[in-house]
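Peer 1: Counting with this note's numbering, you get residues 145 to 226 for the letters of the sequence shown.
Glycine is no exception: its CB is placed at the ideal position from the N, C-alpha and C atoms.
Computed from a prediction, not measured in an experiment: that's the story for all the values here.
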Amino acid sequence: MISTTELKRLTGAAKAIAISAGQILLKKSKKRHRVMLKGRVDLVTDADLASEKYIVGEITKKFPNHSILAEEEAARDNHSDY
Numbered sequence: 145m146i147s148t149t150e151l152k153r154l155t156g157a158a159k160a161i162a163i164s165a166g167q168i169l170l171k172k173s174k175k176r177h178r179v180m181l182k183g184r185v186d187l188v189t190d191a192d193l194a195s196e197k198y199i200v201g202e203i204t205k206k207f208p209n210h211s212i213l214a215e216e217e218a219a220r221d222n223h224s225d226y
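#1: In the DSSP assignment, find the beta strand (DSSP E) that holds valine 179 and state where it starts and stops.
#2: I need the straight-line Cα distance from isoleucine 168 to lysine 205, nearest angstrom please.
#3: Kindly indicate the opening and closing residues of the alpha helix (DSSP H) around valine 188.
#4: Just how far apart, CA to CA, sit aspartate 221 and alanine 160?
#5: Pull the bridge partners of leucine 213 from the DSSP assignment, please.
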């Protein structure tokens, strides 16, 4: 079971990463987007890729042993509890 201290550490990091990723998306929302197809009816923008790259990078730095499953490109299975 996860401790309260560890839960606070994880949620604090997640909140900070999410806020920064949101700032990336806000900056990009003021510009034209490059839109790509990743499937027949599935679109992805350069803003999607940039925010995901930031999020995955920050999680990897702060929690190098955690597994990551992301929507656009990144996936890493470290067989961790997280």
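Peer 2: Working from what's here:
#1: 179–181
#2: 18 angstroms
#3: Run containing valine 188: none in the alpha helix (DSSP H); it sits in the beta strand (DSSP E), 187–189.
#4: 23 angstroms
#5: Ala219
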